[in-house]
Amino acid sequence: MINQTDRKFLASAEAIGQIWSKDPSTRVGAVAVGNTKNQVAFGYNGLPPGIADTDERLQNRDLKLSLTLHAEENALANASFVVRTVYVTHHPCAGCALRILAKRSVRRVVYITRPDFEARWAASLTEARMLFEEAGVQIEGCAL
1 MINQTDRKFL ASAEAIGQIW SKDPSTRVGA VAVGNTKNQV AFGYNGLPPG IADTDERLQN
61 RDLKLSLTLH AEENALANAS FVVRTVYVTH HPCAGCALRI LAKRSVRRVV YITRPDFEAR
121 WAASLTEARM LFEEAGVQIE GCAL
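For reference, each letter of the sequence shown is one residue, going 1 to 144 in UniProt numbering.
Written out as structure tokens, the structure reads:
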């Protein structure tokens with residue numbers, strides 16, 4: 001069940017995506033949280049460190065998609081603690097589900113529901129949900 005703390009972390013993820021992501025179409029933010037609310041790491045969708053965010057790369061959809069690290073990946077990479085919950089502005093794709101599951105410590109994923117996004121990426125999101133359910137990771141969506 002979504003509570004006030006969940007909503008605060010989702011709002012934080014939303015702000016991170018809006019402020020830091022340079023993606024012209026979909027700005028995604030994520031917050032990885034450990035055993036306490038004080039253990040947090042942030043991530044957003046963007047090109048890897050050292051790779052220039054050129055207009056050519058950001059405007060060419062195929063190139064952008066092939067070069068972009070997802071917000072969940074960045075948040076997990078930035079976490080120097082055991083991650084228990086991942087908050088993200090969009091339902092994780094199947095690839096991010098695998099990366100989250102590879103951490104082995106994540107027990108819960110909370111995301112902001114976005115019907116248009118979820119319809120466009122339905123196949124990948126369905127696969128992600130099946131992976132989370134099979135691995136025993138709770139996944140919850142809510143409107144912000």
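Note that the Cβ used here is the ideal one computed from N, Cα and C, for glycine as well.
When you compare only the Cα positions, how much space is there between residue i and residue j?
{"i": "residue 40", "j": "residue 119", "result": "30 Å"}
{"i": "residue 78", "j": "residue 115", "result": "29 Å"}
{"i": "residue 85", "j": "residue 56", "result": "35 Å"}
{"i": "residue 62", "j": "residue 97", "result": "21 Å"}
{"i": "residue 133", "j": "residue 53", "result": "36 Å"}
{"i": "residue 83", "j": "residue 125", "result": "22 Å"}
{"i": "residue 44", "j": "residue 70", "result": "7 Å"}
{"i": "residue 75", "j": "residue 103", "result": "12 Å"}
{"i": "residue 131", "j": "residue 42", "result": "23 Å"}
{"i": "residue 136", "j": "residue 80", "result": "23 Å"}
Using C-beta distances below 8 Å, list every residue in its chain close to residue i, excluding the 5 sequence neighbours before and after it, in chain order.
{"i": "residue 67", "result": "47, 48, 51 and 57"}
{"i": "residue 23", "result": "45, 46, 58, 64 and 68"}
{"i": "residue 21", "result": "27, 28, 29, 44, 45, 46 and 71"}
{"i": "residue 138", "result": "107, 108, 109 and 132"}
Excluding the five sequence neighbours on either side, which residues of its own chain have a C-beta within less than 7 Å of the C-beta of residue i, listed in chain order?
{"i": "residue 121", "result": "93"}
Could you pull out every residue in the same chain whose Cβ sits closer than 6 Å to the Cβ of residue i, ignoring the five residues on either side in sequence?
{"i": "residue 110", "result": "6, 87 and 140"}
{"i": "residue 112", "result": "10, 89 and 144"}
Just checking: is the beta-carbon of residue i within a distance shorter than 9 Å of some beta-carbon in chain C?
{"i": "residue 137", "result": "This model lacks chain C altogether; it includes just one protein chain."}
Contiguous alpha helix (DSSP H) assignments of at least 4 residues, all confined to the UniProt domain "CMP/dCMP-type deaminase" (5-138): 55-59, 61-67, 71-78, 94-102, 115-120 and 122-135
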